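Here the structure is laid out as C-alpha coordinates; the discussion comes afterwards.
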Amino acid sequence: MSVSVPLQTPTSLISRTGPKLCFHNQKYLCPTSLKRKRYHLRYDRFPSPLRTFKCSSQRQSADQAQEYEFERLFSNLNQATLKREPGSLSSAIFLVAGTTVGAGILAIPAVTQESGFLASAVACILCWIFMVATGLLIAEVNVNTMCELGSGGVSLVSMARRTLGSVGVQIACWSYISIHYALLVAYVARSSDILTNYLGVPLWESATLFSLVLGGICFFGSQRLIGAINGILVFGIIASFAALVAVASGGLEWDTLLKANFEAIPMSIPIIVLSFVYQNVVPVLCTNLEGNMSKVRTAIVLGTAIPLGLFLVWNAVILGSITNLEMGTDKMIDPLQQLRSSNGVGPIIEVFSLLAIATSYIGFVLGLSDFLADLLKLPTGENRPQPYLLTLIPPLVLALLDPEIFFKALDFAGTYGAES
1332 MSVSVPLQTP
1342 TSLISRTGPK
1352 LCFHNQKYLC
1362 PTSLKRKRYH
1372 LRYDRFPSPL
1382 RTFKCSSQRQ
1392 SADQAQEYEF
1402 ERLFSNLNQA
1412 TLKREPGSLS
1422 SAIFLVAGTT
1432 VGAGILAIPA
1442 VTQESGFLAS
1452 AVACILCWIF
1462 MVATGLLIAE
1472 VNVNTMCELG
1482 SGGVSLVSMA
1492 RRTLGSVGVQ
1502 IACWSYISIH
1512 YALLVAYVAR
1522 SSDILTNYLG
1532 VPLWESATLF
1542 SLVLGGICFF
1552 GSQRLIGAIN
1562 GILVFGIIAS
1572 FAALVAVASG
1582 GLEWDTLLKA
1592 NFEAIPMSIP
1602 IIVLSFVYQN
1612 VVPVLCTNLE
1622 GNMSKVRTAI
1632 VLGTAIPLGL
1642 FLVWNAVILG
1652 SITNLEMGTD
1662 KMIDPLQQLR
1672 SSNGVGPIIE
1682 VFSLLAIATS
1692 YIGFVLGLSD
1702 FLADLLKLPT
1712 GENRPQPYLL
1722 TLIPPLVLAL
1732 LDPEIFFKAL
1742 DFAGTYGAES
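In the working numbering, the protein residues as written are 1332 to 1751.
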(Lines of atoms letter the chains of each structure in order from A and count residues from 1; the text may use other names and numbers.)
(Lines give C-alpha, C1' and ligand atoms only; values in the text may rest on other atoms or scores of the structure.)
Protein backbone atom coordinates (compact mmCIF):
# COMPACT_ATOMS: atom_id res chain seq x y z
CA MET A 1 0.00 0.00 0.00
CA SER A 2 1.40 3.36 -0.99
CA VAL A 3 -0.25 6.72 -0.39
CA SER A 4 1.05 10.24 -0.90
CA VAL A 5 0.41 12.40 2.16
CA PRO A 6 1.30 16.09 2.63
CA LEU A 7 3.73 16.77 5.46
CA GLN A 8 2.54 20.21 6.42
CA THR A 9 0.03 22.64 5.02
CA PRO A 10 -0.72 26.30 5.64
CA THR A 11 -2.94 27.29 8.53
CA SER A 12 -6.63 27.59 7.70
CA LEU A 13 -7.95 31.15 7.82
CA ILE A 14 -11.29 29.89 9.12
CA SER A 15 -10.25 27.35 11.73
CA ARG A 16 -6.98 29.06 12.69
CA THR A 17 -5.45 25.57 12.88
CA GLY A 18 -2.82 24.04 10.69
CA PRO A 19 -3.29 20.52 9.31
CA LYS A 20 -0.15 18.49 10.02
CA LEU A 21 0.95 14.88 10.23
CA CYS A 22 1.38 13.28 13.63
CA PHE A 23 4.96 13.21 14.97
CA HIS A 24 5.60 10.31 17.35
CA ASN A 25 8.85 8.69 18.55
CA GLN A 26 10.94 10.74 16.14
CA LYS A 27 8.87 9.53 13.16
CA TYR A 28 6.13 11.09 11.08
CA LEU A 29 3.04 8.91 11.09
CA CYS A 30 0.02 8.90 8.84
CA PRO A 31 -2.81 11.06 10.24
CA THR A 32 -4.91 8.00 11.03
CA SER A 33 -4.58 4.26 11.16
CA LEU A 34 -6.53 1.36 9.76
CA LYS A 35 -7.54 -1.41 12.17
CA ARG A 36 -5.46 0.33 14.84
CA LYS A 37 -2.19 -0.17 12.90
CA ARG A 38 0.40 2.54 12.47
CA TYR A 39 1.81 3.21 9.03
CA HIS A 40 5.32 4.63 9.07
CA LEU A 41 6.45 7.23 6.57
CA ARG A 42 9.62 7.03 4.57
CA TYR A 43 10.92 9.78 2.38
CA ASP A 44 13.79 10.40 -0.01
CA ARG A 45 13.65 14.13 -0.55
CA PHE A 46 11.65 17.20 0.34
CA PRO A 47 10.22 18.83 -2.78
CA SER A 48 9.28 22.45 -2.32
CA PRO A 49 6.79 23.88 -1.67
CA LEU A 50 4.87 20.60 -1.22
CA ARG A 51 6.53 17.87 0.82
CA THR A 52 5.21 14.44 -0.03
CA PHE A 53 5.80 11.15 1.76
CA LYS A 54 5.05 7.56 0.93
CA CYS A 55 2.96 5.80 3.53
CA SER A 56 3.54 2.03 3.75
CA SER A 57 2.41 -0.78 6.03
CA GLN A 58 5.20 -2.62 7.87
CA ARG A 59 3.47 -5.97 7.28
CA GLN A 60 2.92 -5.55 3.57
CA SER A 61 4.85 -7.64 1.06
CA ALA A 62 5.64 -6.62 -2.48
CA ASP A 63 2.93 -8.79 -4.01
CA GLN A 64 0.22 -7.79 -1.55
CA ALA A 65 -0.54 -4.31 -2.75
CA GLN A 66 -3.60 -2.89 -1.04
CA GLU A 67 -5.37 0.42 -1.12
CA TYR A 68 -6.79 2.06 1.97
CA GLU A 69 -8.87 5.17 2.40
CA PHE A 70 -7.86 7.29 5.35
CA GLU A 71 -10.55 8.64 7.62
CA ARG A 72 -9.06 12.13 7.39
CA LEU A 73 -6.39 13.86 5.34
CA PHE A 74 -4.72 15.78 8.17
CA SER A 75 -5.12 16.84 11.77
CA ASN A 76 -6.11 20.34 12.86
CA LEU A 77 -3.69 21.54 15.52
CA ASN A 78 -4.12 24.43 17.90
CA GLN A 79 -1.16 26.72 17.22
CA ALA A 80 -0.86 27.65 20.90
CA THR A 81 -1.15 24.24 22.57
CA LEU A 82 -0.06 22.06 19.60
CA LYS A 83 -2.90 19.72 20.46
CA ARG A 84 -5.27 18.28 17.91
CA GLU A 85 -8.64 20.02 17.69
CA PRO A 86 -10.85 17.92 15.44
CA GLY A 87 -13.94 19.57 14.08
CA SER A 88 -17.20 18.56 15.70
CA LEU A 89 -19.79 16.88 13.48
CA SER A 90 -22.61 18.49 15.45
CA SER A 91 -21.04 21.93 14.99
CA ALA A 92 -20.71 21.24 11.25
CA ILE A 93 -24.39 20.25 11.04
CA PHE A 94 -25.41 23.40 12.92
CA LEU A 95 -23.22 25.52 10.64
CA VAL A 96 -24.95 24.14 7.53
CA ALA A 97 -28.41 24.39 9.09
CA GLY A 98 -27.79 27.89 10.42
CA THR A 99 -26.42 29.11 7.10
CA THR A 100 -29.38 27.63 5.23
CA VAL A 101 -32.09 28.97 7.55
CA GLY A 102 -31.71 32.64 6.70
CA ALA A 103 -33.52 35.42 4.97
CA GLY A 104 -34.84 33.00 2.36
CA ILE A 105 -37.23 31.37 4.81
CA LEU A 106 -38.74 34.78 5.58
CA ALA A 107 -39.51 35.36 1.90
CA ILE A 108 -40.81 31.89 0.99
CA PRO A 109 -44.46 32.55 2.00
CA ALA A 110 -44.48 35.78 -0.01
CA VAL A 111 -43.30 34.15 -3.24
CA THR A 112 -45.30 30.90 -2.89
CA GLN A 113 -48.68 32.34 -1.89
CA GLU A 114 -49.94 32.22 -5.48
CA SER A 115 -48.79 28.65 -6.12
CA GLY A 116 -50.15 27.40 -2.80
CA PHE A 117 -48.66 25.13 -0.18
CA LEU A 118 -48.97 21.79 -1.99
CA ALA A 119 -47.23 22.92 -5.17
CA SER A 120 -44.57 24.86 -3.26
CA ALA A 121 -43.86 21.82 -1.06
CA VAL A 122 -43.08 19.74 -4.15
CA ALA A 123 -40.83 22.51 -5.44
CA CYS A 124 -39.02 22.78 -2.09
CA ILE A 125 -38.28 19.05 -1.97
CA LEU A 126 -36.97 19.00 -5.54
CA CYS A 127 -34.81 22.08 -4.93
CA TRP A 128 -33.47 20.50 -1.73
CA ILE A 129 -32.40 17.34 -3.59
CA PHE A 130 -30.67 19.44 -6.24
CA MET A 131 -28.85 21.63 -3.72
CA VAL A 132 -27.71 18.63 -1.64
CA ALA A 133 -26.26 17.05 -4.78
CA THR A 134 -24.37 20.22 -5.68
CA GLY A 135 -22.97 20.50 -2.16
CA LEU A 136 -21.73 16.90 -2.21
CA LEU A 137 -20.04 17.49 -5.57
CA ILE A 138 -18.34 20.64 -4.26
CA ALA A 139 -17.11 18.69 -1.24
CA GLU A 140 -15.61 15.98 -3.47
CA VAL A 141 -13.78 18.57 -5.57
CA ASN A 142 -12.62 20.42 -2.45
CA VAL A 143 -11.10 17.33 -0.82
CA ASN A 144 -9.46 16.25 -4.08
CA THR A 145 -7.99 19.75 -4.45
CA MET A 146 -6.63 19.49 -0.90
CA CYS A 147 -4.88 16.26 -1.89
CA GLU A 148 -3.42 17.80 -5.05
CA LEU A 149 -2.24 21.03 -3.42
CA GLY A 150 -1.28 19.53 -0.08
CA SER A 151 -3.17 22.33 1.58
CA GLY A 152 -6.06 22.70 3.97
CA GLY A 153 -8.45 25.63 3.84
CA VAL A 154 -8.94 25.36 0.07
CA SER A 155 -11.55 27.88 -1.10
CA LEU A 156 -13.63 27.98 -4.25
CA VAL A 157 -10.97 30.14 -5.91
CA SER A 158 -8.39 27.36 -5.76
CA MET A 159 -10.99 24.81 -6.79
CA ALA A 160 -11.94 26.88 -9.84
CA ARG A 161 -8.30 27.37 -10.81
CA ARG A 162 -7.69 23.63 -10.73
CA THR A 163 -10.83 22.60 -12.61
CA LEU A 164 -12.29 25.43 -14.72
CA GLY A 165 -9.36 27.38 -16.11
CA SER A 166 -8.95 31.16 -16.30
CA VAL A 167 -12.39 31.86 -17.79
CA GLY A 168 -14.09 29.58 -15.29
CA VAL A 169 -12.31 31.32 -12.43
CA GLN A 170 -13.69 34.69 -13.52
CA ILE A 171 -17.25 33.37 -13.83
CA ALA A 172 -17.07 31.54 -10.50
CA CYS A 173 -15.58 34.54 -8.70
CA TRP A 174 -18.16 37.04 -9.93
CA SER A 175 -21.05 34.65 -9.25
CA TYR A 176 -19.76 33.89 -5.77
CA ILE A 177 -19.16 37.52 -4.86
CA SER A 178 -22.50 38.69 -6.27
CA ILE A 179 -24.63 36.22 -4.32
CA HIS A 180 -22.72 36.81 -1.10
CA TYR A 181 -22.90 40.58 -1.22
CA ALA A 182 -26.58 40.47 -2.23
CA LEU A 183 -27.46 38.18 0.66
CA LEU A 184 -25.37 40.08 3.19
CA VAL A 185 -27.13 43.28 2.10
CA ALA A 186 -30.50 41.58 2.63
CA TYR A 187 -29.45 40.29 6.06
CA VAL A 188 -28.23 43.70 7.26
CA ALA A 189 -31.32 45.49 5.90
CA ARG A 190 -33.81 43.12 7.54
CA SER A 191 -31.96 42.82 10.86
CA SER A 192 -31.54 46.59 11.16
CA ASP A 193 -35.28 47.02 10.64
CA ILE A 194 -36.03 44.53 13.44
CA LEU A 195 -33.50 46.05 15.85
CA THR A 196 -34.70 49.58 15.13
CA ASN A 197 -38.28 48.63 16.05
CA TYR A 198 -37.18 47.05 19.33
CA LEU A 199 -34.33 49.30 20.45
CA GLY A 200 -35.74 52.58 19.17
CA VAL A 201 -32.40 53.62 17.71
CA PRO A 202 -31.74 55.06 14.23
CA LEU A 203 -31.50 52.61 11.36
CA TRP A 204 -27.80 53.22 10.77
CA GLU A 205 -26.97 52.48 14.41
CA SER A 206 -28.82 49.16 14.44
CA ALA A 207 -27.27 48.10 11.12
CA THR A 208 -23.78 49.01 12.35
CA LEU A 209 -24.36 47.23 15.68
CA PHE A 210 -25.51 44.04 13.95
CA SER A 211 -22.53 44.03 11.56
CA LEU A 212 -19.91 44.82 14.20
CA VAL A 213 -21.11 42.29 16.78
CA LEU A 214 -21.43 39.30 14.46
CA GLY A 215 -18.49 40.36 12.31
CA GLY A 216 -16.36 40.69 15.45
CA ILE A 217 -17.32 37.18 16.54
CA CYS A 218 -16.21 35.82 13.17
CA PHE A 219 -12.91 37.75 13.25
CA PHE A 220 -11.85 37.32 16.88
CA GLY A 221 -13.60 34.06 17.77
CA SER A 222 -11.96 30.65 17.61
CA GLN A 223 -13.45 27.75 15.70
CA ARG A 224 -14.84 26.30 18.92
CA LEU A 225 -16.36 29.61 20.08
CA ILE A 226 -18.00 30.28 16.72
CA GLY A 227 -19.40 26.74 16.67
CA ALA A 228 -20.81 27.13 20.18
CA ILE A 229 -22.44 30.48 19.42
CA ASN A 230 -23.88 29.18 16.18
CA GLY A 231 -25.27 26.12 17.98
CA ILE A 232 -26.98 28.31 20.57
CA LEU A 233 -28.51 30.45 17.83
CA VAL A 234 -29.79 27.36 15.99
CA PHE A 235 -31.42 26.06 19.17
CA GLY A 236 -32.98 29.49 19.59
CA ILE A 237 -34.35 29.26 16.05
CA ILE A 238 -35.92 25.87 16.76
CA ALA A 239 -37.40 27.06 20.07
CA SER A 240 -38.88 30.25 18.61
CA PHE A 241 -40.08 28.31 15.58
CA ALA A 242 -41.89 25.80 17.82
CA ALA A 243 -43.52 28.65 19.76
CA LEU A 244 -44.56 30.35 16.54
CA VAL A 245 -46.11 27.18 15.15
CA ALA A 246 -47.94 26.52 18.42
CA VAL A 247 -49.45 30.02 18.48
CA ALA A 248 -50.19 30.47 14.79
CA SER A 249 -51.50 26.99 14.04
CA GLY A 250 -54.65 27.67 16.05
CA GLY A 251 -56.10 29.57 13.09
CA LEU A 252 -54.83 27.12 10.49
CA GLU A 253 -57.32 26.38 7.69
CA TRP A 254 -56.49 22.91 6.39
CA ASP A 255 -58.44 23.34 3.16
CA THR A 256 -56.15 26.20 2.21
CA LEU A 257 -53.13 23.87 2.26
CA LEU A 258 -54.60 21.76 -0.55
CA LYS A 259 -54.34 24.63 -2.99
CA ALA A 260 -51.92 23.93 -5.84
CA ASN A 261 -51.12 26.15 -8.80
CA PHE A 262 -48.08 24.59 -10.46
CA GLU A 263 -48.06 27.22 -13.20
CA ALA A 264 -46.97 29.81 -10.63
CA ILE A 265 -44.02 27.72 -9.39
CA PRO A 266 -41.39 29.05 -11.87
CA MET A 267 -41.69 32.56 -10.42
CA SER A 268 -40.85 31.27 -6.93
CA ILE A 269 -37.94 29.01 -7.91
CA PRO A 270 -35.20 31.69 -7.49
CA ILE A 271 -36.17 32.40 -3.87
CA ILE A 272 -36.68 28.70 -3.05
CA VAL A 273 -33.26 27.81 -4.48
CA LEU A 274 -31.77 30.74 -2.60
CA SER A 275 -33.27 29.42 0.64
CA PHE A 276 -31.13 26.27 0.34
CA VAL A 277 -27.83 28.03 -0.31
CA TYR A 278 -25.12 26.72 2.01
CA GLN A 279 -22.40 25.72 -0.47
CA ASN A 280 -20.25 28.66 0.60
CA VAL A 281 -19.43 26.90 3.88
CA VAL A 282 -18.60 23.52 2.29
CA PRO A 283 -14.86 24.38 2.07
CA VAL A 284 -15.00 25.37 5.75
CA LEU A 285 -16.61 22.01 6.58
CA CYS A 286 -13.97 20.08 4.67
CA THR A 287 -11.17 21.87 6.53
CA ASN A 288 -12.75 21.71 9.98
CA LEU A 289 -13.63 18.01 9.54
CA GLU A 290 -10.07 17.30 8.30
CA GLY A 291 -11.16 16.04 4.90
CA ASN A 292 -13.25 13.22 6.39
CA MET A 293 -15.75 12.75 3.57
CA SER A 294 -18.06 10.54 5.61
CA LYS A 295 -18.56 13.30 8.17
CA VAL A 296 -18.79 15.97 5.48
CA ARG A 297 -21.58 14.08 3.68
CA THR A 298 -23.45 13.57 6.95
CA ALA A 299 -23.15 17.25 7.83
CA ILE A 300 -24.48 18.32 4.42
CA VAL A 301 -27.44 15.93 4.31
CA LEU A 302 -28.57 16.41 7.91
CA GLY A 303 -27.68 20.09 7.96
CA THR A 304 -29.98 20.76 4.99
CA ALA A 305 -32.71 18.31 6.04
CA ILE A 306 -33.41 20.37 9.17
CA PRO A 307 -34.12 23.57 7.17
CA LEU A 308 -36.25 21.58 4.71
CA GLY A 309 -38.53 20.50 7.54
CA LEU A 310 -38.63 24.04 8.91
CA PHE A 311 -39.43 25.47 5.46
CA LEU A 312 -42.36 23.11 4.90
CA VAL A 313 -43.89 23.66 8.34
CA TRP A 314 -43.24 27.42 8.19
CA ASN A 315 -44.88 27.75 4.79
CA ALA A 316 -47.85 25.65 5.88
CA VAL A 317 -48.44 27.74 9.01
CA ILE A 318 -48.13 31.08 7.22
CA LEU A 319 -50.16 30.23 4.10
CA GLY A 320 -52.72 28.25 6.07
CA SER A 321 -53.30 31.03 8.59
CA ILE A 322 -53.62 33.95 6.16
CA THR A 323 -56.68 34.40 3.98
CA ASN A 324 -57.68 36.93 1.36
CA LEU A 325 -54.15 37.57 0.12
CA GLU A 326 -53.98 39.98 -2.76
CA MET A 327 -53.30 38.21 -6.04
CA GLY A 328 -52.46 39.37 -9.49
CA THR A 329 -50.54 42.45 -8.41
CA ASP A 330 -46.99 43.40 -9.25
CA LYS A 331 -46.22 44.37 -5.65
CA MET A 332 -44.58 41.80 -3.41
CA ILE A 333 -46.96 41.02 -0.55
CA ASP A 334 -45.46 39.92 2.78
CA PRO A 335 -47.88 37.55 4.57
CA LEU A 336 -45.86 37.96 7.76
CA GLN A 337 -47.09 41.53 8.09
CA GLN A 338 -50.70 40.32 8.05
CA LEU A 339 -49.93 37.51 10.49
CA ARG A 340 -48.38 39.94 12.96
CA SER A 341 -51.50 42.10 13.06
CA SER A 342 -54.11 39.34 12.99
CA ASN A 343 -52.72 36.78 15.42
CA GLY A 344 -50.60 38.90 17.75
CA VAL A 345 -47.47 36.80 17.24
CA GLY A 346 -45.28 39.71 16.20
CA PRO A 347 -42.60 39.36 18.92
CA ILE A 348 -42.12 35.64 18.20
CA ILE A 349 -41.81 36.28 14.47
CA GLU A 350 -39.25 39.01 15.05
CA VAL A 351 -37.12 36.84 17.34
CA PHE A 352 -37.25 33.94 14.89
CA SER A 353 -36.41 36.23 11.99
CA LEU A 354 -33.46 37.85 13.76
CA LEU A 355 -31.96 34.52 14.86
CA ALA A 356 -32.38 33.04 11.38
CA ILE A 357 -30.64 36.02 9.82
CA ALA A 358 -27.84 35.97 12.42
CA THR A 359 -26.91 32.33 11.79
CA SER A 360 -26.83 32.83 8.04
CA TYR A 361 -24.85 36.04 8.42
CA ILE A 362 -22.14 34.22 10.36
CA GLY A 363 -21.86 31.48 7.73
CA PHE A 364 -21.70 33.91 4.83
CA VAL A 365 -19.14 36.15 6.53
CA LEU A 366 -16.88 33.16 7.17
CA GLY A 367 -17.26 31.90 3.62
CA LEU A 368 -16.77 35.24 1.87
CA SER A 369 -13.82 36.35 4.03
CA ASP A 370 -12.03 33.06 3.34
CA PHE A 371 -12.81 33.42 -0.36
CA LEU A 372 -11.49 36.99 -0.51
CA ALA A 373 -8.33 36.03 1.38
CA ASP A 374 -7.61 33.34 -1.20
CA LEU A 375 -8.55 35.64 -4.07
CA LEU A 376 -6.20 38.37 -2.80
CA LYS A 377 -3.52 35.73 -2.11
CA LEU A 378 -3.08 36.86 1.47
CA PRO A 379 -0.70 34.78 3.63
CA THR A 380 -2.40 31.88 5.36
CA GLY A 381 -1.96 31.26 9.05
CA GLU A 382 -2.64 34.86 10.02
CA ASN A 383 -6.00 36.42 10.76
CA ARG A 384 -5.79 39.45 8.49
CA PRO A 385 -8.45 42.20 8.80
CA GLN A 386 -8.57 43.04 5.07
CA PRO A 387 -10.93 40.25 3.96
CA TYR A 388 -13.27 40.92 6.87
CA LEU A 389 -13.40 44.64 6.13
CA LEU A 390 -14.18 43.88 2.47
CA THR A 391 -16.86 41.46 3.64
CA LEU A 392 -18.60 43.67 6.20
CA ILE A 393 -18.41 47.25 4.94
CA PRO A 394 -19.92 47.10 1.38
CA PRO A 395 -23.15 45.31 2.46
CA LEU A 396 -23.54 47.71 5.37
CA VAL A 397 -23.23 50.74 3.10
CA LEU A 398 -25.64 49.36 0.48
CA ALA A 399 -28.23 48.43 3.12
CA LEU A 400 -28.12 51.96 4.54
CA LEU A 401 -28.48 53.54 1.09
CA ASP A 402 -31.71 51.64 0.40
CA PRO A 403 -33.56 50.37 3.51
CA GLU A 404 -36.22 48.75 1.28
CA ILE A 405 -33.68 46.58 -0.50
CA PHE A 406 -34.57 43.29 1.25
CA PHE A 407 -36.76 41.64 -1.43
CA LYS A 408 -34.77 43.15 -4.30
CA ALA A 409 -31.51 41.75 -2.92
CA LEU A 410 -33.04 38.31 -2.37
CA ASP A 411 -34.50 38.21 -5.86
CA PHE A 412 -31.16 39.23 -7.40
CA ALA A 413 -29.25 36.63 -5.39
CA GLY A 414 -31.72 33.88 -6.26
CA THR A 415 -31.88 34.71 -9.95
CA TYR A 416 -28.26 35.53 -10.78
CA GLY A 417 -26.30 34.03 -7.90
CA ALA A 418 -27.73 30.75 -6.66
CA GLU A 419 -28.63 29.50 -10.11
CA SER A 420 -25.09 30.21 -11.36
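Ideal Cβ positions, reconstructed from N, Cα and C, are used throughout, including at glycine.
Computed from a predicted structure; not experimentally measured.
Annotated three-state conformation of GLN1610 is helix, per DSSP. In terms of Cα proximity to ALA1687, the closest of GLY1651, ASP1586, PRO1638, LYS1708 is PRO1638.
About 6 Å separates the beta carbon of PRO1726 from that of TYR1512, a gap short enough to meet the 8 Å contact definition.
If you draw a straight line from the Cα of ALA1559 to the Cα of SER1422, it is about 7 Å long. Membership of ALA1423 in the alpha helix (DSSP H) is indicated by the continuous run 1420 to 1431. Here LEU1467 has ARG1628, ILE1631 as same chain residues with Cβ atoms under 7 Å from its own Cβ, once five neighbours each way along the sequence are excluded. With 16 or more other CB atoms across the displayed protein chains lying within 10 angstroms of its CB, PHE1683 is buried.
If you check the CB distance, VAL1612 and LEU1703 do not come in under 8 Å. In this structure, ILE1602 places its C-beta atom within 8 Å of the C-beta atom of ALA1438.
For ASP1701, the enclosing alpha helix (DSSP H) has its first and last residue at 1677 to 1706. Of all C-beta pairs linking the stretch 1443 to 1460 to the stretch 1587 to 1606, three or more are shorter than 8 Å, placing the two stretches in contact.
Between the alpha carbons of VAL1644 and THR1430 lies a gap of roughly 18 Å. Counting other Cβ atoms within 10 Å of its Cβ, TRP1459 reaches 16 or more and is therefore classed as buried.
ARG1715 carries a coil assignment under DSSP once its states are collapsed to helix, strand and coil. In this chain, the alpha helix (DSSP H) harbouring LYS1626 covers 1624 to 1652. DSSP places ASP1524 inside the alpha helix (DSSP H), whose first and last residues are 1496 to 1530. In the DSSP annotation of this structure, the continuous segment of the alpha helix (DSSP H) that includes GLN1554 starts and ends at 1554 to 1579. Secondary structure at ALA1464: helix, using DSSP grouped into helix, strand and coil. No Cβ-Cβ contact shorter than 8 Å links THR1690 with GLY1651.
It is roughly 30 Å from the alpha-carbon of CYS1455 to the alpha-carbon of THR1722.
Burial is judged here by how many other beta carbons sit within 10 angstroms of a residue's own beta carbon; LEU1641 has at least 16 and is buried.
Of all alpha-carbon atoms in ILE1424, VAL1728, SER1419, the one lying nearest the alpha-carbon of PHE1566 is that of ILE1424.
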